[in-house]
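Going down the list, the sequences are from chains Y and C.
In short: position in the first sequence from 1, add 79, done, that's my numbering.
In short: position in the second sequence from 1, add 89, done, that's my numbering.
For reference, the structure discussed in these notes is given below.
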Amino acid sequence: MSYGHVPQDDGRFAPRAEEPPRAVQSARRARRAAWLDPATLAICALAALPLGCGDLLTTKPPIGTRFDQPLDGLSNGELGDFQDGQTQFRRAFSISEGLGPIFNNVSCASCHSGDGRGIPSNTLTRFSRGGDIALAEGGPQIQDKAIPGAEPERLPVGVEVSHRLPPPVFGVGLIEAIADSAILAHEDPGDGDGDGISGRANWVTPPTFVPATEPGGGPGPRVGRFGRKAQVSSLLQQTVDAYHQDMGITSSFRSVENTNPLSSVVVPGLDGAPDPEVGGQAVNDVVQYMRMLAPPSPGESTPRREQGAALFAAARCVSCHMPSLRTGTHEIEVLADRDVALFSDLLLHDLGDGLADNRPDGSADGREWRTAPLWGLRIAREFLNGKLFLLHDGRARSVEEAIRLHGGEAAGARDAFAAMPAADRAALLDFVESR
Amino acid sequence: MSAGQPMNIHVAPMVLLLAAAVFLTAPEARAGSTVRVAAPPVGGELPESPMHGNPEVISWGGHGELRLGHDRVRGTSDPEWFSVGRMNGFARARLAARWRLAGEGTWDRATDDFVLERVELTYRWKRTLHAHGGIFPVPLGRTNLSHDAPRNDFAEHSLVATQLVGVPNAMLGLGVRGATGGGKRPMTYEVDLVTGFSDGLIVDSPGGTRLPIGRNNYGDNNGLPSVVGRIEFHPSRDSEWGIAAESGPYNQTEIGGVTVDGRRWVHLIVADGATDFAGLRLAAETGIAFVDVPPGLLGLYAEDQWGASVEASRTLWDPLFGSWRQSALRVAVRADAVDLDRGLQGDSRHRVSASLNIHHRPRAVARFGWYYELQRDRFDNETPIAGLTFTAAAYF
């Protein structure tokens with residue numbers, strides 16, 4: 080900081096421009112003692128910085144300890160696409176760039192903390208009236224933010240409501256690449272084996288903008304695998320709808336603004352950006368980025384965790400949280416033909432009244448939820464301020480609480496867990512939290 | 090160039106040599122042609138910048154800053170290793186006995202934009218009272234009033250200066266500057282009506298309220314001026330204490346003839362001080378902002394922001410070499426922070442900086458610096474950023 084004027088004895092002001100600061104003058108007098116000055120030691124410390132104090136210039140986190148890392152084995156071209164997509168994923172939109180008129184948040188990254196799960200304060204609110212997604216009332220999702228001149232949506236009275244915590248986005252490319260047959264092989268819709276656990280795919284029809292060349296796209300019902308109820312079959316659809324519904328950003332795939340149908344104020348063109356507000360390339364960049372996001376590596380195997388894994392299997396948690404599924408073909412080579420340790424069968428299961436939102440979604444009913452993958456739990460707290468928010472609405476603050484809130488088809492596994500000795504429960508929890 | 094490639098190692102010495110040559114030779118060569126501006130009785134009017142030409146007719150000058158940095162974000166090197174830190178040009182003309190016209194433009198790396206800092210007409214009513222109008226730096230803190238690159242102890246301005254005030258922050262307006270008190274404890278003041286901040290602080294701002302995006306409002310968009318003022322005390326020869334505030338509406342209430350919102354206000358208060366103590370030059374600046382956010386944006390856009398910086402500097406050797414009488418070696422340290430949303434845990438930045446400076450008074454400085462910053466996003470996730478920098482700044 081510099082100081083342009085100092086008062087003179089006659090009350091006027093003169094610039095310091097040619098005048099040595101007072102500290103300079105005093106230093107002249109004290110010059111001989113300068114080598115003993117603590118500040119000299121500071122200089123030496125400063126000069127020593129380049130010599131190897133890595134921590135003072137920040138260090139890279141260990142591999143596998145972040146959610147925003149690319150998969151191993153990507154080509155240089157794919158890594159370039161990854162970088163492009165990351166830029167788009169993190170891009171925060173301003174109102175003048177098209178944000179709104181109604182929206183929930185300003186960027187992809189502002190909902191998915193560090194590319195992981197969200198927090199209760201940015202939970203999305205879905206609603207419907209009976210089996211109707213209530214488009215005329217602002218459904219299926221409340222946009223609770225609005226730019227000046229627009230009116231945010233408010234929840235209508237008497238509708239079924241479902242709060243949805245933003246899910247992690249890492250590993251979704253691997254989920255996309257899992258072959259339909261690998262998922263369907265574990266279906267047991269009528270509980271034919273009598274184990275109390277059914278499991279069925281959510282067959283959904285993708286919108287017409289998802290071409291047949293896109294995984295999960297094309298005409299006819301496809302196996303849903305994204306979303307809390309596996310209500311989306313295609314990453315492209317998920318991304319386009321997030322732009323459109325969550326941020327109010329139109330794209331070449333959905334070029335008409337999402338507005339509040341119940342608003343008394345309708346001013347077109349409020350956000351000041353022509354539609355579409357982003358091109359197809361930006362959307363595809365984000366899709367490619369998410370495809371190439373690696374799941375974090377699991378923690379080290381220890382005897383206690385091995386014991387926990389055995390208990391996890393013995394309690395039949397693995398009936399739904401299947402340790403791995405195998406991918407099929409995929410245009411990104413590293414996604415193809417590999418085992419994916421996501422600990423999910425990607426099927427719908429009845430989880431009982433306690434977790435029911437009583438709101439159908441696709442062919443999923445109000446008690447059914449897709450088995451949540453368990454990967455990434457090991458470091459999830461690091462991106463949530465030391466906290467953990469689990470289950471579809473984030474109500475569970477620990478893995479143990481999440482297990483205890485399971486019901487329906489998972490009641491048996493829950494009870495088995497509850498009946499374990501404390502040491503066994505701890506071992507099981509240690510195993511799950513090491514994924 | 091991708092991060093961490095060895096090409097930097099080969100190119101950097103050449104650039105360092107070039108910068109050193111400019112630093113060592115240019116100020117000396119031109120010192121004879123640089124004239125000193127007559128001291129005005131009050132602030133403003135390019136008060137501290139050495140100029141070429143004739144101050145009684147027309148004079149001009151400028152300053153620039155080059156920056157070499159090895160910056161790392163969470164251990165990954167930033168590929169931008171060489172950049173222009175600042176580039177500035179200014180001129181002043183005497184139109185008549187009491188009339189002056191000044192112009193100044195600055196490009197600043199911190200705000201990444203070009204700012205027309207000054208197109209200012211001044212009428213010297215009397216020695217202790219000036220009236221002025223046009224575009225000029227608003228008196229929001231000492232840094233915004235005096236930020237010529239060669240006079241900074243650090244390569245970067247403080248976070249309160251860049252993230253709250255938005256240095257350089259100039260607006261269109263008119264007002265008066267004056268001095269009073271006399272004797273050994275004078276006081277200066279400035280009061281202006283200006284265009285104020287624009288709704289860019291919300292509308293053009295991605296990810297939250299950012300006052301600097303709404304600054305430099307050269308055409309009012311809301312029909313009402315803002316009031317900005319500063320009072321500055323000088324309790325002793327080496328001490329200065331100032332407090333400044335700006336208050337006014339910022340938003341458009343109608344778009345295309347349709348009412349879209351009510352009148353919304355922004356208030357910014359900045360206090361600064363500096364003094365010598367125990368051989369150290371101590372300085373501090375703090376600011377707090379209150380923004381009336383439209384209801385549909387509450388929760389995402391901040392209503393309160395706050396920032397502060399504290400710095401200490403000391404001259405170690407003066408002169409640095411016996412034959413180089415104008416040189417001095419100084420060390421400076423600074424701690425600064427800004428909370429961009431006081432209603433949220435996160436969305437904040439904290440930084441410490443240290444700098445070892447070779448001053449060639451009054452026209453040039455070479456700085457070797459280090460900084461370490463923790464940026465927290467709206468989830469309160471932490472991103473460490475640090476760097477080693479070499480910067481050279483000089484008037485030309």
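The beta-carbon is built from N, C-alpha and C at its ideal position, and this holds for glycine as well.
Small disclaimer: the values here were computed from a predicted structure and weren't measured.
query: Is it buried or exposed for residue 306/C, if we count other Cβ within 10 angstroms and need 16 for buried?
result: buried
query: Going along the chain, which residues of the segment 163–177 of chain Y sit with their C-beta nearer than 8 Å to a C-beta in chain C?
result: 170, 171, 172, 173, 174, 175 and 176
message: When you compare the CB of residue 193/Y with every CB in chain C, is at least one pair closer than 7 Å?
response: yes
message: Out of 463/C, 338/C and 191/C, which one is the CA nearest neighbour of residue 357/C?
response: 338/C
query: Hey, is residue 134/Y close to the ligand NAD, as in C-beta under 6 Å from one of its heavy atoms?
result: Of the ligands one can find in the structure shown there are none, so the ligand NAD has no counterpart to examine.
Distance CB(residue 204/C)-CB(residue 259/C) smaller than 7 Å: yes
- request: Anything in chain Y within Cβ reach of residue 478/C, meaning under 9 Å, just list it in chain order.
  value: Near residue 478/C there are no residues of chain Y at all, since even the closest Cβ is about 11 Å away, more than 9 Å.
- request: Take residue 469/Y and list the residues in its own chain whose beta-carbon comes closer than 6 Å to its own, dropping the five residues that flank it on each side.
  value: 475 and 481
message: Please classify residue 21/Y as buried or exposed, where buried requires at least 16 neighbouring CB atoms within 10 angstroms.
response: The first residue shown for chain Y is 80 and the last is 514, placing residue 21/Y beyond what the model contains.
- prompt: Who pairs with residue 372/Y in a beta bridge, going by DSSP?
  reply: 149/Y
field: residue 461/C: contacting residues in chain Y (beta-carbon distance under 7 Å)
entry: 135
message: Is there a C-beta anywhere in chain Y that falls below 7 Å from the one on residue 294/C?
response: yes
- prompt: What in chain Y is Cβ-close to residue 428/C, meaning under 9 Å?
  reply: Near residue 428/C there are no residues of chain Y at all, since even the closest Cβ is about 16 Å away, more than 9 Å.
task: Please state if the CB of residue 286/Y and the CB of residue 317/Y are separated by a distance shorter than 7 Å.
output: no
query: Is there contact between the segment 140–156 of chain Y and the segment 182–200 of chain Y, where contact requires at least three CB pairs shorter than 8 Å?
result: yes
message: By the DSSP assignment, the alpha helix (DSSP H) with residue 316/Y in it spans what residues?
response: 314–320
- request: Would you check if there are 3 or more beta carbon pairs closer than 8 Å linking the segment 314–327 of chain C to the segment 217–234 of chain C?
  value: yes
task: Indicate whether the contact test is met: 3 or more Cβ pairs, each with one atom in the segment 483–496 of chain Y and one in the segment 425–435 of chain Y, closer than 8 Å.
output: yes
- prompt: Exposed or buried, residue 440/Y, counting other C-beta atoms within 10 Å across all chains shown (16 or more means buried)?
  reply: buried
task: Could you confirm whether any beta carbon from chain C is found closer than 7 Å to the beta carbon of residue 138/Y?
output: yes
- prompt: Do you know how far the Cα of residue 457/Y is from the Cα of residue 158/Y?
  reply: 26 Å
query: If contact means a Cβ-Cβ distance below 8 Å, which residues of the segment 161–172 of chain C contact chain Y?
result: 161, 162, 163, 164 and 165
- prompt: If you draw a straight line from the C-alpha of residue 252/C to the C-alpha of residue 379/C, how long is it?
  reply: 14 Å
- prompt: Starting from residue 464/C and walking both ways along the beta strand (DSSP E), at which residues does that stretch end?
  reply: 453–465
query: Of all Cβ atoms in chain C, is any one closer than 7 Å to the Cβ of residue 29/Y?
result: Residue 29/Y falls outside the range modelled here, since chain Y spans only 80 to 514, and no answer is possible.
- prompt: Cβ of residue 217/Y within 7 Å of Cβ of residue 350/Y?
  reply: no
- request: Look at the alpha carbon of residue 384/C and the alpha carbon of residue 243/Y, and state the distance between them as a whole number of angstroms.
  value: 24 Å
field: residue 410/C classed as buried or exposed, judged by whether at least 16 other C-beta atoms fall within 10 angstroms
entry: exposed
- prompt: So which residues on chain C does residue 158/Y lean against when the C-beta distance must stay under 7 Å?
  reply: Within 7 Å Cβ-Cβ: nothing; residue 158/Y doesn't reach chain C, min ~10 Å.
Cutoff 8 Å; reference residue 466/C; Cβ partners in own chain excluding five residues on either side: 435, 436 and 472
- prompt: Which chain C residues are close to residue 189/Y, counting only those with a beta carbon under 9 Å from its beta carbon?
  reply: 296, 389, 466, 467 and 468
task: Could you work out which residues of chain C lie near residue 349/Y, taking near to mean beta carbons separated by less than 8 Å?
output: 344 and 349
field: Separation of residue 450/Y from residue 444/C, as counted between CA atoms
entry: 55 Å
- prompt: Under 7 Å between C-beta atoms, does residue 153/C make it to chain Y?
  reply: no
task: Kindly indicate which three-state DSSP category residue 306/Y falls into: helix, strand or coil?
output: coil
message: Excluding the 5 residues flanking residue 495/Y on each side, which residues of the same chain have their C-beta closer than 8 Å to its C-beta?
response: 393, 394 and 395
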